[in-house]
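Undergrad:
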Amino acid sequence: MSSKVKTAKITVSADLGTHVINRNIYGHFAEHLGRCIYEGIFVGKNSPIPNKKGIRTDIVDALRKIKIPVLRWPGGCFADEYHWKDGIGPAENRKKMINTHWGGVVEDNSFGTHEFFKLCELLECEPYVCGNVGSGSVQEMSEWIEYMNFGGESPMANLRRENGSENPFNLKYFGVGNENWGCGGNMRAEKYADLYRQYATYCRNYGDNTLYRIACGPNDDNYHWTKVMMREAGHMMEGLALHYYTRLNGSTILSKNPDGNQIRIRGEKPFASSAIEFDAQEWFDIMACAWHTDELVRKHSTIMDEYDPHKKVALIIDEWGTWFDVEPGTNPGFLYQQNTMRDAVSAAISLNIFNNHADRVRMANIAQTINVLQAVILTEGEKMILTPTYHIFDQFSPHQDAALLPISLEAQEYSRGGISIPGLSVSASKTKARDVFLTIANPDPDNAVELSMDIRPCVAKSIEGSIITSSKMQDHNTFEEPDKVRLSNFNAAKITESGIKAQIPAMSVIALKIVA
Ligand code: AHR
Numbered sequence: 007m008s009s010k011v012k013t014a015k016i017t018v019s020a021d022l023g024t025h026v027i028n029r030n031i032y033g034h035f036a037e038h039l040g041r042c043i044y045e046g047i048f049v050g051k052n053s054p055i056p057n058k059k060g061i062r063t064d065i066v067d068a069l070r071k072i073k074i075p076v077l078r079w080p081g082g083c084f085a086d087e088y089h090w091k092d093g094i095g096p097a098e099n100r101k102k103m104i105n106t107h108w109g110g111v112v113e114d115n116s117f118g119t120h121e122f123f124k125l126c127e128l129l130e131c132e133p134y135v136c137g138n139v140g141s142g143s144v145q146e147m148s149e150w151i152e153y154m155n156f157g158g159e160s161p162m163a164n165l166r167r168e169n170g171s172e173n174p175f176n177l178k179y180f181g182v183g184n185e186n187w188g189c190g191g192n193m194r195a196e197k198y199a200d201l202y203r204q205y206a207t208y209c210r211n212y213g214d215n216t217l218y219r220i221a222c223g224p225n226d227d228n229y230h231w232t233k234v235m236m237r238e239a240g241h242m243m244e245g246l247a248l249h250y251y252t253r254l255n256g257s258t259i260l261s262k263n264p265d266g267n268q269i270r271i272r273g274e275k276p277f278a279s280s281a282i283e284f285d286a287q288e289w290f291d292i293m294a295c296a297w298h299t300d301e302l303v304r305k306h307s308t309i310m311d312e313y314d315p316h317k318k319v320a321l322i323i324d325e326w327g328t329w330f331d332v333e334p335g336t337n338p339g340f341l342y343q344q345n346t347m348r349d350a351v352s353a354a355i356s357l358n359i360f361n362n363h364a365d366r367v368r369m370a371n372i373a374q375t376i377n378v379l380q381a382v383i384l385t386e387g388e389k390m391i392l393t394p395t396y397h398i399f400d401q402f403s404p405h406q407d408a409a410l411l412p413i414s415l416e417a418q419e420y421s422r423g424g425i426s427i428p429g430l431s432v433s434a435s436k437t438k439a440r441d442v443f444l445t446i447a448n449p450d451p452d453n454a455v456e457l458s459m460d461i462r463p464c465v466a467k468s469i470e471g472s473i474i475t476s477s478k479m480q481d482h483n484t485f486e487e488p489d490k491v492r493l494s495n496f497n498a499a500k501i502t503e504s505g506i507k508a509q510i511p512a513m514s515v516i517a518l519k520i521v522a
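To convert, take the position in the sequence shown, counting from 1, and add 6; that gives the numbering used here.
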């Protein structure tokens, strides 16, 4: 493919902006799945791998660097099979169970409630616990909350004290079940809405702590689920959780919707696509699937607006990320996949979309933190590598809690096979230091974009930039070559009399901090 330079223009209104980009948009999800919790995060206190109370210190340091704001646990599908009392008390007495969803392996419950709160304390992030609706009782759920949050005298609070935690954990974020339309009980929306109301009634607040209750939301484009949940239970929730994975399957077809230039994804067959061996078409398809997030957020938000015009209920993108075939030779139930430039650029598109919908989207959790799906870190024994997606989270971190700025973008599209997606993905914010911060992804693997930026009404004094790019779309980091894809300085943005100019290389993600 011959390359040509495209053109684009961005106008940023730096004096406007009413919504804050909630830092929790940069959240994570860690499930008892494959090598995410065990090996990836928790190695036990007797491990030769450096750890604090069994939690790997290298992982903690790496996640603190990207300012992980919130961590969702213990699942996922695992959550609706998890019985929290199996994971408390002396580790040697804890019950073992089969992790039927994920590889049929033995779960020894050595990582339980106390270990999770210790992890969040080390990470300095908010814990987000997902409860069991699918196979658990109302009593079990309400006792877990009492155990975690009650500071007074009660059976559960006393049990917590016996297990070494005098003070309550004061959990804020609590999920009432996971994917109850699927692995969490295969329910209809109407059935789950009623159950949600029942379970949520017993999700009590203790002391000054107010729970932020997150209801199971829709899968992809199940708009009926959103409608029923908002209509029947919207008044009893603080968040509704959408799950959307960027993936292709055997019969994925990208086509234009009859109602506009949007992407529709069809296909029922099991997915079959490698994380590292793919061609330009599969690159494009993943970019288009990532862009589909925008349509999903808009349409679910429109339904939510009908029932909640003041946007009290947040749309939580509870699980998102790429989903490819497992790496050859690994347990199919462990969902271990590599991570390339394609993951980096598609993550940038998704995060820019979440930022731009900050009025409704107030949390998003990438699936999953370590060794599972679109992981930010991969481990092998004592070794650890940072994936291209990690560097995106690092690069985008100044957006956390910054004020979203309105932008208008004129860009030539990126097209293939009659389908087009926007030629650039962009979001802008004003940070607490009052710098303008822009993140720009060029999804086109062949063509650079000559970009002019008008940041109104500011006069730019200086610019600092960073870039993630590589020579091949399949490039990724390995234990032998851990820094093949990394974050580097980007010095090509220039302040001119007619605004800021920069050439955005093909297949790259740029961040610019503009001091005005
Ligand atoms: O992230 C892997 C799985 O994907 C989760 O357990 C489930 O919620 C979703 O289907």
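Here a beta-carbon is modelled for each residue, glycine too, at the ideal position from N, C-alpha and C.
Treat the numbers as computed from the prediction; the structure is a model and nothing was measured.
In chain order, what residues of the same chain lie with their CB nearer than 8 Å to the CB of Ile398, ignoring the 5 residues before and after it?
TA: To locate residue 398, count along the sequence shown from 1; it is residue 392. Hits under 8 Å: Ala350, Ala353, Ala354, Leu357, Ile474 and Val515.
Undergrad: Among Ile461, Ser171, Ala296 and Ala199, which one has its Cα closest to the Cα of Asp226?
TA: Counting from one through the sequence shown, the residue named residue 226 turns up at place 220. Nearest of Ile461, Ser171, Ala296 and Ala199 to Asp226, Cα basis: Ala296.
Undergrad: Could you tell me how far apart the beta carbons of Ala199 and Val234 are, in whole angstroms, since I believe they sit closer than 8 Å?
TA: One-based indexing of the sequence shown puts residue 199 at position 193. One-based indexing of the sequence shown puts residue 234 at position 228. Right, their Cβ atoms sit about 5 Å apart.
Undergrad: For Lys500, collect the residues of the same chain with a Cβ closer than 6 Å to its Cβ; drop the 5 residues on either side in sequence, then sort them by chain order.
TA: Stepping through the sequence shown from its first residue, residue 500 is reached at position 494. Once the five neighbours on either side are set aside, the close Cβ partners of Lys500 are Lys507.
Undergrad: Is Asn184 near the ligand AHR - that is, is its Cβ less than 8 Å away from at least one heavy atom of it?
TA: Looking up residue 184 in the sequence shown gives position 178. Correct: Asn184 has its Cβ closer than 8 Å to the ligand AHR.
Undergrad: Leaving out five residues on either side along the sequence, give the residues of the same chain with a beta carbon under 6 Å from the beta carbon of Leu444.
TA: In the sequence shown, residue 444 corresponds to position 438, counting from 1. Here the set comprises Ala434 and Leu518.
Undergrad: Which residues does DSSP pair with Asp460 in a beta bridge?
TA: Position 454 of the sequence shown, counting from 1, holds the residue named residue 460. Bridge partners of Asp460: Thr17.
Undergrad: Return helix, strand or coil for Leu496, following the three-state DSSP convention.
TA: Your numbering for residue 496 matches position 490 in the sequence shown. The sequence shown places Phe at residue 496, rather than the Leu named in the question. Looking at Phe496 - three-state DSSP - the assignment turns out to be coil, as it is neither helix nor strand.
Undergrad: Can we say the stretch 175-187 touches the stretch 118-136, given the rule of at least three CB pairs closer than 8 Å?
TA: Yes, the stretch 175-187 is in contact with the stretch 118-136.
Undergrad: Does the beta-carbon of Lys436 have 16 or more other beta-carbons within 10 angstroms, so that it is buried, or is it exposed?
TA: Position 430 of the sequence shown, counted from the first residue, corresponds to residue 436. Buried, since its Cβ has 16 or more Cβ neighbours within 10 Å.
Undergrad: Considering only DSSP beta bridges, list what Leu518 is partnered with.
TA: Translated into positions along the sequence shown, residue 518 becomes position 512. Answer is Leu444 and Gly471.
Undergrad: Between the Cα of Val76 and those of Asn99, Asn30 and Gly118, spot the shortest distance and give me the residue it belongs to.
TA: As a first step, residue 76 must be located in the sequence shown, where it is residue number 70. Comparing Cα-Cα distances from Val76 to each of Asn99, Asn30 and Gly118, the minimum goes to Asn30.
Undergrad: Is Pro224 helix, strand or coil by DSSP?
TA: The count along the sequence shown starts at 1 and reaches residue 224 at position 218. In this structure, Pro224 counts as strand in the three-state DSSP scheme.
Undergrad: Tell me the rounded alpha-carbon separation between Gly158 and Thr119.
TA: Position 152 of the sequence shown, counting from 1, holds the residue named residue 158. Position 113 of the sequence shown, counting from 1, holds the residue named residue 119. Cα to Cα, Gly158 sits roughly 19 Å from Thr119.
Undergrad: Between Glu288, Leu321, Asp214 and Trp289, which lies nearest to Val303 when the distance is taken from Cα to Cα?
TA: For the purposes of this step, residue 303 is taken as the residue at position 297 of the sequence shown. Selected option, being the one with the closest Cα: Leu321.
Undergrad: Tell me the rounded alpha-carbon separation between Ala381 and Ala85.
TA: One-based indexing of the sequence shown puts residue 381 at position 375. One-based indexing of the sequence shown puts residue 85 at position 79. Looking at the two C-alpha atoms, the distance is approximately 19 Å.
Undergrad: Distance, Cα to Cα, Cys520 vs Asn184?
TA: Residue numbering aside, residue 520 sits at position 514 when the sequence shown is read from its first letter. Residue numbering aside, residue 184 sits at position 178 when the sequence shown is read from its first letter. For the record, residue 520 in the displayed sequence is Ile; it is not Cys. Each residue's alpha carbon lies about 41 Å from the other.
Undergrad: Could you pull out every residue in the same chain whose Cβ sits closer than 6 Å to the Cβ of Phe284, ignoring the five residues on either side in sequence?
TA: What you label residue 284 is simply residue 278 of the sequence shown in a count that begins at 1. Closer than 6 Å at Cβ, skipping near neighbours: no residue.
Undergrad: Buried or exposed for His482, please, with buried defined as at least 16 other CB atoms from any protein chain shown within 10 angstroms of its CB.
TA: Here residue 482 refers to the residue found at position 476 of the sequence shown. Flag for His482 reads buried.
Undergrad: Which residues share a DSSP beta bridge with Val182?
TA: The residue given as residue 182 occupies position 176 in the sequence shown. DSSP lists Ala221 as partners of Val182.
Undergrad: Does the stretch 231-249 touch the stretch 318-334, meaning 3 or more C-beta pairs lie closer than 8 Å?
TA: With the cut-off at 8 Å, the stretch 318-334 and the stretch 231-249 touch.
Undergrad: Is it buried or exposed, Ser53, if we count other Cβ atoms within 10 angstroms and call 16 or more buried?
TA: Taking the first residue of the sequence shown as position 1, residue 53 is located at position 47. Its Cβ having fewer than 16 others within 10 Å, Ser53 is exposed.
Undergrad: Let me check you understand the geometry: is the CB of Gly188 closer than 8 Å to at least one non-hydrogen atom of the ligand AHR?
TA: Within the sequence shown, residue 188 is the residue found at index 182, counting from 1. For the ligand AHR, at least one heavy atom lies less than 8 Å from the Cβ of Gly188.
Undergrad: In chain order, what residues of the same chain have a beta carbon less than 8 Å from the beta carbon of Gln509, not counting five sequence neighbours either side?
TA: Here residue 509 is taken as the residue at index 503 of the sequence shown, counted from 1. For Gln509, where only same-chain residues beyond five positions count, the Cβ hits under 8 Å are Val11, Ala454, Val455, Glu456, Leu457 and Ala498.
Undergrad: Between which residues of its own chain and Met103 is the CB-CB distance below 6 Å, once the five residues before and five after are set aside?
TA: Here residue 103 refers to the residue found at position 97 of the sequence shown. Excluding residues within five positions, the ones whose Cβ falls inside 6 Å are Glu113.
Undergrad: Taking the runs of the alpha helix (DSSP H) that are 4 residues or longer, which of them lie wholly in the stretch 36-112?
TA: Those alpha helix (DSSP H) runs which fall completely within the stretch 36-112 and span 4+ residues are 63-71.
Undergrad: Determine, using beta carbons only, whether Asp324 and Leu217 come nearer to each other than 9 Å.
TA: Translated into positions along the sequence shown, residue 324 becomes position 318. Translated into positions along the sequence shown, residue 217 becomes position 211. No, the Cβ-Cβ distance between Asp324 and Leu217 is not below 9 Å.
Undergrad: Just to check my reading of the structure: Gln344 and Ala281 have Cβ atoms closer than 8 Å, yes? What is that Cβ distance to the nearest angstrom?
TA: The count along the sequence shown starts at 1 and reaches residue 344 at position 338. The count along the sequence shown starts at 1 and reaches residue 281 at position 275. About 5 Å separates the two Cβ atoms, so the contact holds.
Undergrad: Is the CB-CB distance between His363 and Tyr32 below 9 Å?
TA: Within the sequence shown, residue 363 is the residue found at index 357, counting from 1. Within the sequence shown, residue 32 is the residue found at index 26, counting from 1. Cβ atoms of His363 and Tyr32: not closer than 9 Å.
Undergrad: Quick one: what's Asn215 bridged to in DSSP?
TA: Indexing the sequence shown from 1 puts residue 215 at position 209. Its beta-bridge partners are Tyr212.
Undergrad: Check Pro488 in the structure and name its three-state DSSP category.
TA: In the sequence shown, counting from the first residue as 1, residue 488 sits at position 482. Looking at Pro488 - three-state DSSP - the assignment turns out to be coil, as it is neither helix nor strand.
Undergrad: Excluding the five sequence neighbours on either side, which residues of its own chain have a C-beta within less than 8 Å of the C-beta of Lys15, listed in chain order?
TA: Looking up residue 15 in the sequence shown gives position 9. Around Lys15: Leu415, Glu416, Ala417, Leu457, Ser458, Met459 and Asp460.
Undergrad: Could you spell out the range, first to last residue, of the alpha helix (DSSP H) harbouring Met310?
TA: As a first step, residue 310 must be located in the sequence shown, where it is residue number 304. That run of the alpha helix (DSSP H) goes Ala286 to Tyr313.
Undergrad: Closer than 8 Å to a non-hydrogen atom of the ligand AHR - does that hold for the CB of Val332?
TA: Stepping through the sequence shown from its first residue, residue 332 is reached at position 326. Not so, every heavy atom of the ligand AHR lies at least 8 Å from the Cβ.
Undergrad: I'd like to confirm something about Phe35: is its beta-carbon nearer than 8 Å to some heavy atom of the ligand AHR, or not?
TA: In the sequence shown, residue 35 corresponds to position 29, counting from 1. At least one heavy atom of the ligand AHR is nearer than 8 Å to the Cβ of Phe35, so yes.
Undergrad: Is there at least one non-hydrogen atom of the ligand AHR closer than 8 Å to the beta-carbon of Phe290?
TA: Translated into positions along the sequence shown, residue 290 becomes position 284. Because no heavy atom of the ligand AHR lies under 8 Å away, the Cβ of Phe290 does not count as near it: no.
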